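Taken in order, the sequence shown gives residues 1 to 234; the numbers are from full-length UniProt numbering. Reviewing the structure listed below.
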Amino acid sequence: MLKVNNLSVHYGVIEAVKDVSFEVNEGEIVSLIGANGAGKTTILQTLSGLNKPSKGEISFKGKNIHGIPPKKIVNNGISHVPEGRHVFSDMTVKENLEMGAFLRKDREEVKKDTARVFDRFPVLKERIGQDAATLSGGEQQMLAMGRALVSQPELLLLDEPSMGLAPLFIREIFSIIEDINKKGTTILLVEQNAKVALEISNRGYVLETGNIVISGTGKSLLESDEVQKAYLGG
1 MLKVNNLSVH
11 YGVIEAVKDV
21 SFEVNEGEIV
31 SLIGANGAGK
41 TTILQTLSGL
51 NKPSKGEISF
61 KGKNIHGIPP
71 KKIVNNGISH
81 VPEGRHVFSD
91 MTVKENLEMG
101 AFLRKDREEV
111 KKDTARVFDR
121 FPVLKERIGQ
131 DAATLSGGEQ
141 QMLAMGRALV
151 SQPELLLLDE
161 PSMGLAPLFI
171 REIFSIIEDI
181 NKKGTTILLV
191 EQNAKVALEI
201 SNRGYVLETG
211 NIVISGTGKS
221 LLESDEVQKA
231 YLGG
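Structure (structure tokens):
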């Protein structure tokens, strides 16, 4: 579904991502793990059109999306939930979800998808008229995910969905991610909580200073001595 070949990204003279290649197959959950500054967020931002690659190829469903505008990438079926959630704090829950459907014309289907979001995140329905700023961190994460789902993505990019959340909310968010995947959405996940991410992932890639240094199934990475020592406290 998604193929990345020899991707490099620069910030000025700094090469943040160096000749990275990986793929995400339809129906998978794939994790990118690594320390802060490894290049994980830069990769997601490049996939969603927010960064311009220095070189390399990015294809989605066989179509080149290298360097095309973010709006067109969303139209092609990729949605991005950024690190730190970035909900529209002065808008209500309902208005935030409407922003997720901004590019859609099928209003009746949008209503159905919004209803599905409320089925998946009942707390958002309870808070439908509240400003997003009044929600807890976990509720804002649910809203950011719900907003992305209203755009009908085939591939969902999730950047640090557990950041700043209490342990109870972390388990709930990851359970929801698994459910979203089981309902047909492919997921590329960037996550500092490597253990929980790999537990739900079909496959994973480990990044260090802009390079992929290890790859494998979620299970094999969980059992890897190198990964355990570096990321799992083993």
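Virtual Cβ for every residue (Gly too), placed ideally from N, Cα, C. Only a predicted model underlies this, so the values are computations on that prediction, with no experimental measurement involved.
Asked: DSSP state of A166 mapped onto helix, strand, coil; Found: coil
Asked: Cut-off 8 Å between Cβ atoms - residues of its own chain near G216, not counting five sequence neighbours on either side; Found: R203, G204, S224
Asked: Distance cut-off 8 Å: K72 Cβ against heavy atoms of the ligand ZN; Found: Among the components modelled here there is no ligand, and therefore nothing to report on the ligand ZN.
Asked: Limits of the alpha helix (DSSP H) - the one that V117 falls within; Found: 107-120
Asked: Closest residue to L47 among D90, N96, H80 (Cα-Cα distance); Found: H80
Asked: Helix, strand or coil at A38 [DSSP, three-state]; Found: coil
Asked: Residue 248 versus A133: straight-line alpha-carbon distance, rounded; Found: What the structure shows of the chain is the stretch from 1 to 234, and residue 248 is not part of that stretch, so it cannot be assessed.
Asked: Beta-carbon gap between L44 and L221 smaller than 9 Å; Found: no
Asked: Reduced DSSP secondary structure (H/G/I, E/B, other) of A16; Found: strand
Asked: Pick from G77, K72, D179 that is closest to L157, judged by C-alpha positions; Found: G77
Asked: Distance CB(A166)-CB(A35) smaller than 9 Å; Found: no
Asked: For H86, the residue or residues it bridges with in DSSP; Found: H86 pairs with nothing; no bridge assigned.
Asked: Inter-residue CB distance, M142 and G84 (contact presumed, cutoff 8 Å); Found: M142 to G84, Cβ: 14 Å. No contact.
Asked: Inter-residue CB distance, G137 and V117 (contact presumed, cutoff 8 Å); Found: Contact flag wrong, Cβ pair sits at about 18 Å.
Asked: Uninterrupted alpha helix (DSSP H) stretches inside the region 160-220 (no shorter than 4 residues); Found: 167-182, 194-200
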